[in-house]
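Presented below is the structure to which this report refers.
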Amino acid sequence: MSMSEDKICTNGASIWRSASSLVMTAIGLGILAMPRAMAQSGWVGGLLSLFLSTAVAAFGALLLWRAALLNPQNRETPMASFEAIGRASFGRAGAVIPSLVLHILLIFVCAALLLVLASSILSLTRVLSIRIWLLISGIVCLPLTWIKDMKEVGLVAAFGVATVAAAVITIIVACIAHYVEREDDPAYQISSPSPLDLIATFNMFVLSFTVTVTEPTVIATMDNPRDFPKALALAFGFILLVYTAITILGYLAFGETLLQVDTVVDAIAPPADSLTVVAWVIYIIMLLLVAVHLLVLFMPTAHFIDSLCRFDDMGRWHTPRRATLARIVTRSLQLGACVALAVAIPSFNRLVNILAAFCIIMLAVVFPILFYLRLHYLNKERVNWIVCAVALLLLLLSPVLIGAGLYVAVTS
693 MSMSEDKICT NGASIWRSAS SLVMTAIGLG ILAMPRAMAQ SGWVGGLLSL
743 FLSTAVAAFG ALLLWRAALL NPQNRETPMA SFEAIGRASF GRAGAVIPSL
793 VLHILLIFVC AALLLVLASS ILSLTRVLSI RIWLLISGIV CLPLTWIKDM
843 KEVGLVAAFG VATVAAAVIT IIVACIAHYV EREDDPAYQI SSPSPLDLIA
893 TFNMFVLSFT VTVTEPTVIA TMDNPRDFPK ALALAFGFIL LVYTAITILG
943 YLAFGETLLQ VDTVVDAIAP PADSLTVVAW VIYIIMLLLV AVHLLVLFMP
993 TAHFIDSLCR FDDMGRWHTP RRATLARIVT RSLQLGACVA LAVAIPSFNR
1043 LVNILAAFCI IMLAVVFPIL FYLRLHYLNK ERVNWIVCAV ALLLLLLSPV
1093 LIGAGLYVAV TS
């Protein structure tokens, strides 16, 4: 029986559930960064970047889906992880290199989340400095990082869905209220004259639509993995709707003043202004959102380090106590690296621009294309010439996107 005849997972996820998983993978840092990215590129440049990035991210996701189905061990069962697809494509290097890029991405994301946490506390307390609050936030979060398994943070992850929804609604309502109440018209630009700004905006928007990290797992757990394009279409339709609303309303409400702040939250509730009800609400939501997502996104790298150190191997560690103490040390060092990165680069926008330029272009564009082309070659299957032409064009453009994005991130 082929996969198209209803195979794979008799009790797997439906199209709607799979689409929901993709939505929760994508919607995160983008809600804080996209309005400012729009201000950086202007109306025309921003909207073109938004829709073009959607198409590019969807193209990469579809190529990764097709690569996942080219399982050399069993064509009836899709490969269930990014590393597995990489290993089937390029051997050990194909598994190790994407894994390293992924964990670099997660460390940068955790650093950015710590920065949002510290800046929210600073805005509420109005004492000390952002770097001091980063150190305090790291100390407060430290015991949470010692949790051993993802099973123990399952409820926390579920709560994270609610915090994202609350953040989206709050930002949209606050932007509408600010636009209606303001007496003067903010300054806008039609399009940025700088190609570098347009590339940085495009990279940021690709980051906001990236689902490839969790996509293989979603595909493998579907009732029928060949229905993945339907789930992707539903997910991207909803994500595009949410991001378009936040991006347009944010820029409409605040205009070019967004370029003077780090995130849209700083524009809605300026840290220098007196605390209003809106400021209290949005900062408390940010605290909850960041605390939850920090724990969830910290765990994959922590488990990766656990596997490298083989903490479950009592022949190596002799006693559970020694293994546990060693695990606590490695988790603490990992969090320390995140805090140090945030202290060294205390700008959410700059951190996100760096990871968008390098890690995201690699994970959302370069790796899916390379895996797709390599597995088609190994399986001696023909590649559609239009798909191949678009894929090769994106591969050629990727170094430009990475280089220009990193330049803007470093010099901004």
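With our numbering, you'll find the sequence shown wraps up at 1104, consecutive numbering, no jumps.
C-beta atoms are modelled at their ideal positions from N, C-alpha and C, and glycine is treated no differently.
Terminal residues of the alpha helix (DSSP H) in which residue i lies
{"i": "I839", "result": "Counting along the chain, I839 falls outside any alpha helix (DSSP H), and DSSP gives it neither H nor E."}
{"i": "A1051", "result": "Just to set this straight, residue 1051 is Cys in the shown sequence, not Ala. Segment: none, C1051 is in no alpha helix (DSSP H) and carries neither H nor E."}
{"i": "Q765", "result": "It is not in any alpha helix (DSSP H) - Q765 carries neither H nor E in the DSSP assignment."}
{"i": "S1090", "result": "1077-1103"}
{"i": "D998", "result": "969-1001"}
{"i": "E907", "result": "907-912"}
{"i": "K922", "result": "920-946"}
{"i": "G737", "result": "722-760"}
{"i": "Q1113", "result": "Examination of residue 1113 is not possible in this model, given that the chain is present from 693 through 1104 alone."}
{"i": "D954", "result": "D954 -> no alpha helix (DSSP H), and no H or E assigned at all."}
{"i": "L820", "result": "Segment: none, L820 is in no alpha helix (DSSP H) and carries neither H nor E."}
{"i": "D965", "result": "Note, D965: premise wrong, no alpha helix (DSSP H); not H, not E."}
{"i": "P1060", "result": "1059-1070"}
Coarse secondary structure for residue i, derived from DSSP in three states
{"i": "M771", "result": "coil"}
{"i": "E844", "result": "Residue placement at E844 is flagged as unreliable, the pLDDT there being 47, under the threshold of 50; the coordinate-derived value follows with that caveat. Reduced to three states, the DSSP call for E844 is helix."}
{"i": "Q881", "result": "coil"}
{"i": "E873", "result": "helix"}
{"i": "T902", "result": "coil"}
{"i": "S712", "result": "helix"}
{"i": "R784", "result": "helix"}
{"i": "N1041", "result": "helix"}
{"i": "S706", "result": "coil"}
{"i": "S812", "result": "helix"}
{"i": "I719", "result": "coil"}
{"i": "A961", "result": "coil"}
{"i": "S886", "result": "coil"}
{"i": "N916", "result": "coil"}
{"i": "R1074", "result": "coil"}
Pairwise C-alpha distance: residue j and residue i
{"i": "L926", "j": "T902", "result": "15 Å"}
{"i": "A923", "j": "L1087", "result": "26 Å"}
{"i": "M730", "j": "T909", "result": "32 Å"}
{"i": "A1056", "j": "E907", "result": "11 Å"}
{"i": "S812", "j": "M978", "result": "7 Å"}
{"i": "P887", "j": "R1019", "result": "46 Å"}
{"i": "M693", "j": "E1073", "result": "The predicted position of M693 is uncertain, since its pLDDT is 32 and thus under 50; no value can be drawn from it."}
{"i": "L1000", "j": "M896", "result": "32 Å"}
{"i": "F894", "j": "A725", "result": "12 Å"}
{"i": "T949", "j": "I938", "result": "16 Å"}
{"i": "P878", "j": "V788", "result": "48 Å"}
{"i": "I960", "j": "L814", "result": "15 Å"}
{"i": "P963", "j": "Y880", "result": "23 Å"}
{"i": "E775", "j": "A718", "result": "20 Å"}
{"i": "G738", "j": "Q732", "result": "8 Å"}
{"i": "L1025", "j": "F743", "result": "40 Å"}
{"i": "F1050", "j": "V956", "result": "23 Å"}
{"i": "H1010", "j": "A994", "result": "21 Å"}
{"i": "P727", "j": "I940", "result": "7 Å"}
{"i": "N1041", "j": "I822", "result": "15 Å"}
{"i": "G786", "j": "I864", "result": "41 Å"}
{"i": "L740", "j": "G1095", "result": "21 Å"}
{"i": "V1102", "j": "S1039", "result": "11 Å"}
{"i": "A747", "j": "L987", "result": "31 Å"}
{"i": "V953", "j": "P835", "result": "32 Å"}
{"i": "A1034", "j": "R1013", "result": "32 Å"}
{"i": "S966", "j": "P917", "result": "52 Å"}
{"i": "S1090", "j": "F1059", "result": "11 Å"}
{"i": "L932", "j": "S713", "result": "15 Å"}
Closest by C-alpha distance to residue i, when choosing among the options
{"i": "Y935", "options": "V898, H995, A776, A961", "result": "V898"}
{"i": "A753", "options": "A803, M1054, Q1026", "result": "M1054"}
{"i": "A859", "options": "T1103, Q952, G720", "result": "G720"}
{"i": "A1083", "options": "V1100, Y1064, V1092, Y1099", "result": "Y1064"}
{"i": "V832", "options": "S821, G1028, C1080, S966", "result": "G1028"}
{"i": "L1047", "options": "E875, S900, R874", "result": "S900"}
{"i": "L1070", "options": "W735, F751, I777, A750", "result": "I777"}
{"i": "D915", "options": "E768, L1067, Q732, T746", "result": "E768"}
{"i": "I796", "options": "P1060, R784, L1043", "result": "L1043"}
{"i": "F930", "options": "I707, A711, S706", "result": "A711"}
{"i": "W757", "options": "I1061, I839, I974", "result": "I1061"}
{"i": "L826", "options": "A803, A760, T817", "result": "A803"}
{"i": "V1092", "options": "D919, G786, A892", "result": "A892"}
{"i": "V970", "options": "I868, M991, V1079", "result": "I868"}
{"i": "I723", "options": "V808, L755, W735", "result": "V808"}
{"i": "G1097", "options": "F800, C1080, I1052", "result": "I1052"}
{"i": "I799", "options": "G783, Y975, R818, P992", "result": "P992"}
{"i": "I882", "options": "Y975, W735, M771", "result": "W735"}
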